[in-house]
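Here is the structure we will look at, set down as structure tokens.
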Amino acid sequence: MKKLYEKNELTFALLWIVVYCVLQSLANPLNKRIGIGYSASAAFCILQAVILIAFIRKNHLQKRYGLCKLPVPACRFLYYVPLLLLASGNLWNGIALNYSLPETICRIVCMLCVGFLEEVIFRGLLFAAIAKDNVKSAIVISSVTFGIGHIINLFNGSGMELVNNLCQIVFATAVGFLLVTIFYRGGSLLPCILVHSAINTLGTFASDAGLTMEMRLLHLGALIAITVAYTLILTRTLPEKAKKIHK
């Protein structure tokens, strides 16, 4: 794994993306066979997270991929209040117990790991690999790839409907631009991991009772508006290059 990383960091990042997507696709039928939702998904995520953490620590890449303390004061990020709003978005319509206890536990574990994996893979590995040559391309590619990557939910047996998936892609793309801005200009991936994990995890307890399609779209529109506004504020108030990507 180290040889591939040293030979071509971009190929290494793309390989991680492919493996992640394949394993999560394979996990869905396994979840059904086991009889506990997200059980196999959680196991695969834990395995990948452990391997990735071990690789980063062994090769002293924590700072490169933002697994370090934030060097920029929290006030420069408006004390992350917009991130708290985004994280709570799934609970705006109320709280519900949607799954059995074993499935709830597996889903929470899975979602926490997904937040870590997707941030390190897309905002860390992929962004850093491309940013060595072109930061603007890295921002666009890592964000759009992250958003479009959610289309896999249409084909991996998750049961997600087309309209819901398209909404997920749009929101994920917007969030992708926000989180890569926080990482690049702030120098730490930790806020991104925390908010991503919180959004995913709190979705476990989201209540859809009484929500019409119009209400869903208004909800999505509000979240996207917060995301875009916060991204624009950060790009105008933070230094152009708070984080330097070394070649």
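With the sequence shown counted from 1, adding 26 to any position gets you our numbering.
Ideal placement from N, C-alpha and C gives every residue a C-beta, glycine not left out.
Bear in mind that the values here come from a model prediction, so they are computed numbers and not experimental data.
What span of residues does the alpha helix (DSSP H) with residue i cover, start to end?
i      : result
Arg133 : 127 to 144
Trp118 : From DSSP, Trp118 is part of no alpha helix (DSSP H); its letter is neither H nor E.
Val161 : 161 to 174
Phe153 : 153 to 157
Can we count residue i as close to the ligand SAM, meaning its CB is less than 7 Å from some heavy atom?
i     : result
Lys29 : Among the components of this structure there are no ligands whatsoever, and the ligand SAM is therefore not found.
Indicate the three-state DSSP secondary structure (helix, strand or coil) for residue i in the structure shown.
i      : result
Ala232 : strand
Arg90  : coil
Ile29  : As written in the sequence, residue 29 is Lys, which differs from the Ile given in the question. Note: Lys29 maps to helix in three-state DSSP.
Leu264 : coil
Lys269 : With a pLDDT of only 48 at Lys269, under 50, the local geometry of the prediction cannot be trusted, and the value read off the model is given with reservation. Lys269 falls in the coil class under three-state DSSP.
Lys95  : coil
Asn22  : Coverage of the chain is limited to positions 27 through 273, which leaves residue 22 absent and any answer about it impossible.
Asn191 : helix
Pick from the options: whose alpha carbon is nearest that of residue i?
i      : options                        : result
Ala198 : Ser163, Thr238, Leu112         : Leu112
Gly175 : Phe148, Phe153, Lys162, Val189 : Phe148
Ala53  : Leu258, Phe209, Arg211, Ile178 : Ile178
Ser126 : Phe231, His245, Leu260         : Phe231
Gly173 : Asn160, Ser163, Asn191, Ile156 : Asn191
Gly229 : Gly150, Val206, Thr130, Thr257 : Thr130
Starting from the N-terminal side, write out each stretch of the alpha helix (DSSP H) that is 4 residues or longer and does not extend beyond the region 33 to 79.
The region 33 to 79 contains these whole alpha helix (DSSP H) runs: 35 to 60.
Contained alpha helix (DSSP H) runs [length at least 4] in the region 206 to 256, N- to C-terminal order
216 to 228
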